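Numbering of the sequence shown is given in the numbering used here, commencing with residue 9 and proceeding in unit increments. Every residue, glycine too, gets a C-beta built ideally from N, C-alpha and C. In this text the structure is predicted, and so the values were computed from the model without any measurement. Data first, discussion second: the structure below is written as structure tokens.
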Amino acid sequence: MSLDSAWIALPLRPELVDARPYGAPQMDLPVCLNVNENPYPPSEAVQRDMVEAVTHCLPTMNRYPDREARSLRSKLASYLGHGLTPEQVWVANGSNEVMIHVLQAFGGPGRRVLTFTPSYSMYPEYARDTHTEYVTVPRAPDFHIDPELAAQAIEEHQPDVVVIATPNNPTGTVTDLDQIEQILQATPGIVLVDEAYQEFSNAPTALSLLPRYPHLAVCRTMSKAFAFAGGRVGYLAASEAFVDALRVVRLPYHLSALTQTVAAVAVDHADEMMAQVGHLRDLRDAAIDAARALGLTVVDSQANFFLFGPFKDRHLAWQRFVDDGVLVRETGPEPYLRVCVGTDEEMDRFHTALADVWAMERSTG
Numbered sequence: 009m010s011l012d013s014a015w016i017a018l019p020l021r022p023e024l025v026d027a028r029p030y031g032a033p034q035m036d037l038p039v040c041l042n043v044n045e046n047p048y049p050p051s052e053a054v055q056r057d058m059v060e061a062v063t064h065c066l067p068t069m070n071r072y073p074d075r076e077a078r079s080l081r082s083k084l085a086s087y088l089g090h091g092l093t094p095e096q097v098w099v100a101n102g103s104n105e106v107m108i109h110v111l112q113a114f115g116g117p118g119r120r121v122l123t124f125t126p127s128y129s130m131y132p133e134y135a136r137d138t139h140t141e142y143v144t145v146p147r148a149p150d151f152h153i154d155p156e157l158a159a160q161a162i163e164e165h166q167p168d169v170v171v172i173a174t175p176n177n178p179t180g181t182v183t184d185l186d187q188i189e190q191i192l193q194a195t196p197g198i199v200l201v202d203e204a205y206q207e208f209s210n211a212p213t214a215l216s217l218l219p220r221y222p223h224l225a226v227c228r229t230m231s232k233a234f235a236f237a238g239g240r241v242g243y244l245a246a247s248e249a250f251v252d253a254l255r256v257v258r259l260p261y262h263l264s265a266l267t268q269t270v271a272a273v274a275v276d277h278a279d280e281m282m283a284q285v286g287h288l289r290d291l292r293d294a295a296i297d298a299a300r301a302l303g304l305t306v307v308d309s310q311a312n313f314f315l316f317g318p319f320k321d322r323h324l325a326w327q328r329f330v331d332d333g334v335l336v337r338e339t340g341p342e343p344y345l346r347v348c349v350g351t352d353e354e355m356d357r358f359h360t361a362l363a364d365v366w367a368m369e370r371s372t373g
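Shown next, in the form of structure tokens:
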């Protein structure tokens with residue numbers, strides 16, 4: 009029996025009948041640059057501290073974890089600065105769960121979330137899974153948000169939640185604080201600024217706007233700059249009342265004791281965990297220059313990835329990269345592929361593959 013026919017035999021929600029699980033391709037290739045990870049693992053010293061912290065945690069594994077994750081929230085508040093208190097920080101299993109919590113609390117049946125596309129491909133799934141209507145506004149040709157279109161869409165749709173990704177995935181473009189303020193002033197509902205890649209950017213953070221806008225929340229992740237993707241920790245900063253709303257919808261004990269313990273060590277070593285961020289920015293900029301020198305179009309990016317192309321058949325181009333042992337991502341606007349910045353050696357391999365793939369592209373056109 010096929011998967012489709014098996015689903016038909018079950019009382020599945022109608023909107024899930026043709027859905028497929030989210031996920032980037034996982035392939036055993038020498039160079040994998042498709043999921044925006046930090047390529048550098050924690051140092052041996054940090055690893056030792058993590059092991060020691062877990063060892064101290066193990067004797068209490070028969071007990072439930074701190075359901076408020078108070079220690080971790082306190083450390084994250086200190087890391088973020090801006091006068092934030094632990095009560096203004098929320099933490100969950102990746103920014104994915106943070107986003108779900110936000111839509112559980114402020115979205116839902118009869119409510120609407122608005123975002124600006126192209127953007128993160130999980131946003132419509134968060135909306136679907138929380139029964140929130142999903143509405144989009146197209147970005148400008150340079151992938152920035154058009155303030156006039158944004159204002160018109162807010163007036164027309166009256167969204168309960170507006171999501172702004174900056175730097176935006178998959179384009180890497182940033183939204184200026186004055187534009188975010190314009191949206192905040194035009195929106196009576198919640199504005200969620202997704203800063204998953206903020207540490208790779210030189211743009212100011214929306215955290216500075218929190219004191220003036222109680223309907224603003226700023227979401228971050230430890231997966232990227234912190235090199236903690238395997239730890240699955242995302243977090244959010246907002247007003248204390250906003251965070252209290254998320255506490256209502258969270259599952260009991262949603263963040264394990266082990267996760268809290270290891271994440272706390274990572275935050276204690278924030279400078280060391282993120283020591284390679286500057287180097288990754290340099291590699292990104294060098295890779296963009298090299299791709300443009302070959303004649304490709306590259307979207308300006310302030311994240312740890314960038315879009316490049318255009319390709320007449322991007323799936324064929326993606327396959328050619330795979331044949332060269334390099335996994336990039338087939339996502340975002342149709343003519344482009346996306347690559348995450350890896351180590352020096354991985355980027356050398358990418359540049360060699362890019363030259364080969366682009367030469368084949370030009371020879372056929």
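Tell me, please, whether the segment 365–373 touches the segment 59–72 by the rule of three or more beta-carbon pairs shorter than 8 Å.
no
By DSSP, does T351 sit in helix, in strand, or in coil?
Counting from 1 along the sequence shown, the entry for residue 351 is found at position 343. Coil.
In DSSP terms, what W98 is bridged to:
As a first step, residue 98 is located in the sequence shown; it is residue number 90 there, counting from the start. Paired residues: L244.
Applying the criterion that 16 or more other CB atoms from any shown protein chain within 10 Å of the CB defines a buried residue, is K320 buried or exposed?
As a position in the sequence shown, residue 320 is number 312, starting the count at 1. It counts as exposed.
Can you list, in chain order, the residues of its chain whose CB lies under 7 Å from that of M9, leaving out five sequence neighbours each side?
Along the sequence shown, read from residue 1 onward, the residue named residue 9 stands at position 1. Any answer about M9 is weak, because its pLDDT of 41 lies below 50 and its placement is not dependable; what the coordinates show is given next. Answer for M9: no residue qualifies.
Figure out for me which residue from T140, R136, F151, D137 has the closest Cα to the Cα of T125.
Locating residue 125 in the sequence shown gives position 117, where the first residue counts as 1. It is F151.
For my contact list, S379 and Q96 are in at a C-beta cut-off of 8 Å; report their separation, rounded to the angstrom.
For the chain, the structure presents residues 9 to 373; residue 379 sits outside this window and is missing.
Going by DSSP, what residue range makes up the alpha helix (DSSP H) through L136?
Reading the sequence shown from its first residue, position 128 is the one you call residue 136. Leu is not the amino acid found at residue 136; the sequence shown has Arg there. R136 -> alpha helix (DSSP H) spans 131–137.
Using DSSP bridges, identify the partner residues of F234.
Translated into the one-based positions of the sequence shown, residue 234 becomes position 226. Bridge partners of F234: none, in fact.
P155 lies in the alpha helix (DSSP H); which residues open and close that run?
Your numbering for residue 155 matches position 147 in the sequence shown. 155–165 is the extent of the alpha helix (DSSP H) around P155.
For L315, count the other beta carbons within 10 Å of its own beta carbon; 16 or more makes it buried, fewer makes it exposed. Which is it?
Here residue 315 refers to the residue found at position 307 of the sequence shown. L315 is buried by the Cβ-count criterion.
Could you give the DSSP three-state label for A17: helix, strand or coil?
Indexing the sequence shown from 1 puts residue 17 at position 9. Coil at A17, not helix or strand.
Inspect the beta-carbon positions of S216 and N176 and report whether they are closer than 8 Å.
Your numbering for residue 216 matches position 208 in the sequence shown. Your numbering for residue 176 matches position 168 in the sequence shown. It is not a contact, given that the beta carbons lie outside the stated cut-off.
Can you check the segment 305–352 for any alpha helix (DSSP H) of at least 4 residues that lies completely inside it and give the ranges in chain order?
322–331
Is R228 helix, strand or coil by DSSP?
Your numbering for residue 228 matches position 220 in the sequence shown. Of the three classes helix, strand and coil, the one that applies to R228 here is strand, per DSSP.
On the criterion of 16 or more Cβ atoms from any shown chain inside 10 Å, does Y142 qualify as buried, or is it exposed?
By 1-based counting over the sequence shown, the position of residue 142 is 134. Under this definition Y142 is a buried residue.
Does the beta-carbon of Q112 have 16 or more other beta-carbons within 10 angstroms, so that it is buried, or is it exposed?
In the sequence shown, residue 112 corresponds to position 104, counting from 1. Q112 should be labelled buried.
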